[in-house]
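Residue numbers (the UniProt record's numbering): 1 to 1190.
Ideal placement from N, C-alpha and C gives every residue a C-beta, glycine not left out.
Predicted model, so just to flag it, every value in this text is computed and none were measured.
These notes are about the structure you will find just below.
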């Protein structure tokens, strides 16, 4: 695998898209400071997934996008693509070529792609893991990385060695396994909590189940006896009801007779009143008619006058229409004459148009012939022109060659003078460099003093930073402890809330009813008893025990809602449930004298729960006769004192039942519904407290972190300044070494100048000969140009004559076409005039027809209005005759009204006596019906109880009932059974099924916990195996790297000793790595005491040792030779050659020796401020110019 090419666009100083191609071996990237050459290494680091802006030499990630210059706008994105040859399948299952792309937009959005397909950063990290190319790999090495490996703590050097050892993938798998293990532990905790909840429910449910079975047997006995008693009562009530029905029938008959008499009298009175009203209404109607006819007569007179006026206007309209018809006839005659003249003119214009079209065709044919002749001649002229242009080009080339040779002579002559002059300046330059060496030594002393000052400052900053960091770590630990406790509480609350929301602990029938209520299918449901009460935590166990299965009883609005819920459960086959209607369930509280003063008495159970006042009857029924005592001993004393008349429950859940039985044992372990509800409330308060505490600690930790971060930045700035001083020290040392070798170089330059002077004289002679040859060729070319130009001039004269002839024909043709357009416009205008005349004729014809129709319509209208006038006059005569008849009829209506009024008064007086008799009979019927209603209500109550309690109709109950000879004995036996049932207390009938369900769930949860425990054990084994394998691989690889380091160190330093040491050999995966070196003739106790160049060489030796063990496919070395002198640079560059068979190197360098070893050289320049440009040169092209670039 090797790097084929790198594509950059919009990244830092590269706004335009560039592509760098890389061959195997060494590629060098050179350029002046600030030209952007290191941005190439940054782009590779960035595309491989680097997330640290500091490493990328920026403040924020957006800084990698080209930010613009004075002349160029900023880019909107940055994109880098790394193209890798993978033909050796180093990266498996991805193809022979791999293209990794990273894009960042100024909006903050980013993309990662592998072979053009979107992917995650994680995918890129996994792809290059253990290849040396990863984020923590050793494929990109800069000056900072060199300083890091030497100056870092022993524990901070591990990453590069782990990558080299090839255990990065193992560590990644180990982290994944540890994450899964953490998830398994959390899952185990959650399942254990659920199992604990179930454990607390299994035993109480078993007791409730046994109690429910006993209750069911007693309930069956009560059912048989109670049905028989109720059926016997129904038979007795039926006899009473029959007697009452007979009496009611007789009284109702008498009542109906009286009522019929009243109805007849009331009918007569009504008839009389109706006749009075009819006579009054008739008189009013007659008066209204008279008034309407008078108004109509007045309107008719006005109408006659209007009609006569309309007839007058119609006659005037007839006369006007006739006049318009006459005028239209005269206009038609004039229009026909005008149309004939226009038609004659149009025919004349058409004839002229045809003649003009023939003339145009003839002119166009002449123009085409002239055009063809001109085109043929033009081709030959153009060809001659092209030949002359070719000769001119040759002429320019010869003249350029002459000028170029002259310029070469001038330049080489000047160069010769410079070379001769430089030989005399060597002594002067030597003196100048000696003075410069003295200046450099003074600068070295100043730099040493400044370095000491920075060391003192750095020491103070590090102590302060350590103090703040320790404070931050302490605050962080407190914060994490609070956060862990908060998460623990939140997880516990979530488990309990899930149980609460899933109604864990409630019977299936209860869940079905409440679910139907939430869905709106059944209204009037308030929830279970447990959901509608709250209790202090210290009383929760006692109240849960006191209520027992009654906690699941459902509170409803009234009896109808309860019946509807029962029908719903029957339809759904959802089991049974107990419903508590607010309107029917009542209870009362104990009022035993002196009870509150008893030792160990806590309270009546109904008084320690909180609830809505509308549920007071239900709470009194369930808890009113239950006492809460402190413990079983005091409860026993209270029970004995009051003769075991009521139930007593202790705070820890022991029970003394009415009648003297005891129930008790181990208490539930937070498994009750009310306990769970109370725990949720307690957890809410705890979570709120811990959240506030977490926020305070977070703020404190953040403040300390900000302070320590600021100190860290100050410390890093001081370290950078220290590094700069160190770099200056190294640079000054290198300068002194360089100045020491300048004298030798100047002697070599003198000899070289003489050699170059001889070569320059030879170049001058060659340029003079080139001038002579070029001048002869130029004279021949000038003669050829003269002959060609004479031929071209003749052809151009003939073409000009043809052009003039063609222009005349074109002008004539244009004039003819203009005349044709003018003639066409005249024809069009004449056609429009003809159209206008025809349209005007049609208008006149249509107008005449309209006037004729108007005359006919007006004449018809005159006839109609005359008829209307005659009709109105006849109606006026009729109205006068009707008025007398109306007056006579009104008088008759008044007489009828007076007579009927007298008769009605007489009948109303007789009706009063009959009504008094009716009231007496009505009271008797009401009394009998009330008695019957009472009997019916009692009957219905028994029938309703049969249906509500036993779901039986009357006929079904009769079929089941047994004969009762002694009703008193039967009722006594029924009371005994009810007392036994009451003594059982609250019974949860669903506990039988719920016990089975919870037991099965408990078994299932136990199996789940076993499965998770098994998975946890397997993960722990995987982690152990991975750790063991990582230790083995790292130990073996470290030994090889150490061996390589020892030998390479000796080669690079020419002797000495070196070794890599594990600080904790027993724990190789966490151990730090110390570097022990001793260059030839030196005793080194600390790496810091080495010179800058020696430190760089040590780090380079370590990298070479790693590359020898696990060669990286390619490696980018960014100015790591900066601190080396020229001799060591050459040694370093030549040593790199040994690895070029397995590793491809890209060197960013200023050093001549490194450039000379490169196969390809890329130059980076900034021809335009802020924008980097590339220049590529092969080795053969740049060997001679390396000195100038340096």
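Taking three-plus beta-carbon pairs below 8 Å as touching, is the region 1142 to 1149 in contact with the region 31 to 43? yes
Rounded to whole angstroms, what is the Cα-Cα separation between residue 933 and residue 579? Mapped onto the chain shown, residue 933 falls at position 933. Mapped onto the chain shown, residue 579 falls at position 579. Approximately 29 Å, taken between the alpha carbons.
Among 1126, 1054, 1089 and 517, whose alpha-carbon lies nearest the alpha-carbon of residue 1101? Here residue 1101 refers to the residue found at position 1101 of the chain shown. Ranking 1126, 1054, 1089 and 517 by CA distance to the CA of residue 1101 puts 1054 first.
Counted within 10 angstroms of its Cβ, other Cβ atoms place residue 607 as buried (16 or more) or exposed: Position 607 of the chain shown holds residue 607. Classification of residue 607: exposed, given that the 10 Å Cβ count is below 16.
Please list the terminal residues of the continuous alpha helix (DSSP H) segment that includes residue 39. In the chain shown, residue 39 corresponds to position 39, counting from 1. If you look at residue 39, you'll find it in the alpha helix (DSSP H) that goes 38 to 47.
Apart from the five residues on each side of it in sequence, which residues of its chain come closer than 8 Å, Cβ to Cβ, to residue 458? Within the chain shown, residue 458 is the residue found at index 458, counting from 1. Cβ within range, chain order: 715, 718, 719 and 722.
Between the Cα of residue 212 and those of 1036, 996, 989 and 1160, spot the shortest distance and give me the residue it belongs to. Counting from one through the chain shown, the residue named residue 212 turns up at place 212. Checked all of 1036, 996, 989 and 1160; the closest Cα to residue 212 is 989.
Measuring alpha carbon to alpha carbon, tell me which residue in 984, 46, 836 and 32 is nearest residue 622. The count along the chain shown starts at 1 and reaches residue 622 at position 622. The residue with the shortest Cα to Cα distance from residue 622 is 984.
Endpoints, beta strand (DSSP E) assigned at residue 650: For the purposes of this step, residue 650 is taken as the residue at position 650 of the chain shown. Its beta strand (DSSP E) spans residues 647 to 650.
Secondary structure of residue 1031, DSSP reduced to three states: Walking along the chain shown from the start, residue 1031 turns up at place 1031. If DSSP states are grouped into helix, strand and coil, residue 1031 belongs with the helices.
In the structure shown, what three-state DSSP assignment does residue 927 receive? One-based indexing of the chain shown puts residue 927 at position 927. If DSSP states are grouped into helix, strand and coil, residue 927 belongs with the helices.
Could you tell me the distance, in whole angstroms, from the CA atom of residue 220 to the CA atom of residue 226? Numbered from its first residue, the chain shown carries residue 220 at position 220. Numbered from its first residue, the chain shown carries residue 226 at position 226. Distance between the alpha carbons of residue 220 and residue 226 is about 10 Å.
Using DSSP's beta-bridge definition, name the partner residues of residue 85. To locate residue 85, count along the chain shown from 1; it is residue 85. Answer is 2 and 97, bridged to residue 85.
In this structure, what does DSSP give as the bridge partners for residue 1160? The residue you call residue 1160 lines up with position 1160 of the chain shown. Residue 1160 is bridged to 27 and 1178.
Touching or not, the region 276 to 292 and the region 889 to 907, by the rule of three or more beta carbon pairs under 8 Å? yes
Could you pull the start and end residues of the beta strand (DSSP E) that residue 1118 belongs to? Residue numbering aside, residue 1118 sits at position 1118 when the chain shown is read from its first letter. Per DSSP, residue 1118 belongs to the beta strand (DSSP E) from 1114 to 1118.
Please classify residue 119: does DSSP put it in a helix, a strand, or coil? Against the chain shown, residue 119 aligns to sequence position 119. In this structure, residue 119 counts as strand in the three-state DSSP scheme.
Could you tell me whether the Cβ atoms of residue 561 and residue 617 are closer together than 8 Å? Here the question's residue 561 lines up with position 561 in the chain shown. Here the question's residue 617 lines up with position 617 in the chain shown. In this structure, residue 617 does not lie closer than 8 Å to residue 561 by Cβ.
Measure the alpha-carbon distance for residue 968 versus residue 236 and round it to whole angstroms. Here residue 968 corresponds to residue number 968 of the chain shown, with the count starting at 1. Here residue 236 corresponds to residue number 236 of the chain shown, with the count starting at 1. Roughly 15 Å between the two C-alpha positions.
Tell me, to the nearest whole angstrom, how far the beta carbon of residue 1163 is from that of residue 31; I am working on the premise that it is less than 8 Å. Residue mapping note: residue 1163 aligns to position 1163 of the chain shown, counting from 1. Residue mapping note: residue 31 aligns to position 31 of the chain shown, counting from 1. The C-beta distance from residue 1163 to residue 31 rounds to 6 Å, short enough to meet the 8 Å contact threshold.
Whose CA, out of 1169, 1129, 1167 and 1136, lies closest to the CA of residue 1150? Reading the chain shown from its first residue, position 1150 is the one you call residue 1150. Checked all of 1169, 1129, 1167 and 1136; the closest Cα to residue 1150 is 1129.
Closest by C-alpha distance to residue 283, when choosing among 914, 299 and 897: Residue 283 sits at position 283 when you count from the first residue of the chain shown. That would be 897, whose Cα lies nearest to the Cα of residue 283.
Any idea if residue 549 is buried or exposed, counting beta-carbon neighbours within 10 angstroms, 16 or more meaning buried? By 1-based counting over the chain shown, the position of residue 549 is 549. Residue 549 is classed as buried because its beta carbon has at least 16 other beta carbons within 10 Å across all chains shown.
Report yes if the C-beta distance between residue 921 and residue 254 is below 8 Å; otherwise report no. The residue you call residue 921 lines up with position 921 of the chain shown. The residue you call residue 254 lines up with position 254 of the chain shown. Yes, these two residues count as a Cβ contact at 8 Å.
Terminal residues of the beta strand (DSSP E) in which residue 21 lies: Stepping through the chain shown from its first residue, residue 21 is reached at position 21. Residues 18 to 21.
So what's residue 578 in DSSP terms, helix, strand or just coil? Position 578 of the chain shown, counted from the first residue, corresponds to residue 578. DSSP places residue 578 in coil when its eight states are reduced to three.
Looking at the strands, I want to know which residues DSSP matches up with residue 112. As a first step, residue 112 is located in the chain shown; it is residue number 112 there, counting from the start. Residue 112 pairs with 102 and 119.
Taking C-alpha atoms, which residue in 1160, 842, 1021 and 917 lies nearest to residue 329? For the purposes of this step, residue 329 is taken as the residue at position 329 of the chain shown. The option with the nearest alpha carbon to residue 329 is 842.
For residue 1076, count the other beta carbons within 10 Å of its own beta carbon; 16 or more makes it buried, fewer makes it exposed. Which is it? For the purposes of this step, residue 1076 is taken as the residue at position 1076 of the chain shown. Residue 1076 comes out exposed.
DSSP state of residue 984 mapped onto helix, strand, coil: Here residue 984 is taken as the residue at index 984 of the chain shown, counted from 1. Note: residue 984 maps to coil in three-state DSSP.
On the DSSP bridge assignment, give the partners of residue 535 in chain order. Position 535 of the chain shown, counted from the start, is the residue given in the question as residue 535. Paired residues: 609.
Once DSSP output is grouped into helix, strand and coil, what is the label at residue 1170? The sequence position of residue 1170 within the chain shown is 1170, counting from 1. If DSSP states are grouped into helix, strand and coil, residue 1170 belongs with coil.
Please classify residue 1025 as buried or exposed, where buried requires at least 16 other C-beta atoms within 10 Å of its C-beta. Within the chain shown, residue 1025 is the residue found at index 1025, counting from 1. Exposed.
Which of helix, strand or coil does DSSP assign to residue 604? Within the chain shown, the letter at position 604 stands for residue 604. Note: residue 604 maps to strand in three-state DSSP.
C-beta atoms of residue 161 and residue 1029 nearer than 8 Å: Taking the first residue of the chain shown as position 1, residue 161 is located at position 161. Taking the first residue of the chain shown as position 1, residue 1029 is located at position 1029. Note that the C-beta distance between residue 161 and residue 1029 is not below 8 Å.
So what does DSSP say about residue 1190, is it helix, strand or coil? For the purposes of this step, residue 1190 is taken as residue 1190 along the chain shown, with counting starting at 1. Per-residue confidence for residue 1190 stands at a pLDDT of 45, beneath the threshold of 50, marking its modelled position as unreliable; the derived number appears in the next sentence. Residue 1190 falls in the coil class under three-state DSSP.
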